[in-house]
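Peer 1: Numbering-wise (this note's numbering), the sequence shown opens with residue 17 and increments by one.
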Amino acid sequence: MTARHKSKTIATVLAFLFGGLGLQRLYLRGWRDPWLWLHLAALPTAWLVATLAPQADGFYKLLPIMLSGLAGFLEALVLGLMPDEQWDARFNPHSGKQSNTRWPIAVVLIATMTIGAASLIATISRFFDLLYTGGAYG
Numbered sequence: 017m018t019a020r021h022k023s024k025t026i027a028t029v030l031a032f033l034f035g036g037l038g039l040q041r042l043y044l045r046g047w048r049d050p051w052l053w054l055h056l057a058a059l060p061t062a063w064l065v066a067t068l069a070p071q072a073d074g075f076y077k078l079l080p081i082m083l084s085g086l087a088g089f090l091e092a093l094v095l096g097l098m099p100d101e102q103w104d105a106r107f108n109p110h111s112g113k114q115s116n117t118r119w120p121i122a123v124v125l126i127a128t129m130t131i132g133a134a135s136l137i138a139t140i141s142r143f144f145d146l147l148y149t150g151g152a153y154g
C-alpha cells in the first residue's frame, strides 16, 4: 500500500491562511507533531494573559496569537520555496508520485510576503510604541 501524497501547494495555502492554528502541521505530520500543539497553545495562552492581566493593552493579550500567525507566514515561505525533489523526499517518500508545483504557489508566496511582512512591521512598530512611549502613538 502506498502512502498518501501530500501536496506542497495545499500545505503552503494552509500555512498562509491557517498557519497561526498550525493546520499545515496537522496536514503534513498529524496530531503527534509537537509544533502543532505549540501553535494551538497560543489560544489558551492569550486567554490566560487576558485573564491574569485584564488591565494590559490588547496588544499584549493577543501577542501569543500574533506570534503564532507570524510563524505560520514564515512556514508558508519555507514550504513554498522548498524544491519539489526535497519536498517529495521529506513528505512523500513512499507515495509513488512526484510533485510538480506550478505557478499558483508563486501567487501564494507573493501574498505571504506582502501580508507577512506588513504584519511583522506592524507588530514590531506597535511593540516599540508601547514599550517606549506607553502607546502615545496609537
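Positions of the beta carbon are idealized from the N, C-alpha and C atoms, including for glycine.
To the nearest whole angstrom, what separates the beta carbons of residue 31 and residue 101, a pair I think is in contact under 8 Å?
Peer 2: Wrong, their Cβ atoms sit about 20 Å apart, outside the cutoff.
Peer 1: Put residue 109 into one of helix, strand or coil per three-state DSSP.
Peer 2: Note: residue 109 maps to coil in three-state DSSP.
Peer 1: Which same chain residues, not among the five before or five after residue 66, have their C-beta less than 7 Å away from its C-beta?
Peer 2: Within the same chain, residue 66 has close Cβ partners 77.
Peer 1: Do residue 35 and residue 112 count as a contact pair if the criterion is CB distance below 8 Å?
Peer 2: No, these two residues do not count as a Cβ contact at 8 Å.
Peer 1: Please look up how many angstroms separate the CB atoms of residue 27 and residue 110, rounded, as I've assumed it's under 8 Å.
Peer 2: Going by Cβ atoms, the distance from residue 27 to residue 110 rounds to 17 Å, so no, they are not a contact pair.
Peer 1: Please state whether DSSP places residue 73 in a helix, a strand or coil.
Peer 2: Looking at residue 73 - three-state DSSP - the assignment turns out to be coil, as it is neither helix nor strand.
Peer 1: In the DSSP assignment, find the unbroken alpha helix (DSSP H) run with residue 50 in it and report its ends.
Peer 2: Element bounds for residue 50: 50–56.
Peer 1: Does the Cβ-Cβ distance between residue 93 and residue 128 come in under 8 Å?
Peer 2: Yes. Within cutoff.
Peer 1: Measure how close the beta-carbons of residue 68 and residue 96 come, nearest whole angstrom, since I'm counting them as under 8 Å.
Peer 2: That pair is no contact at about 37 Å.
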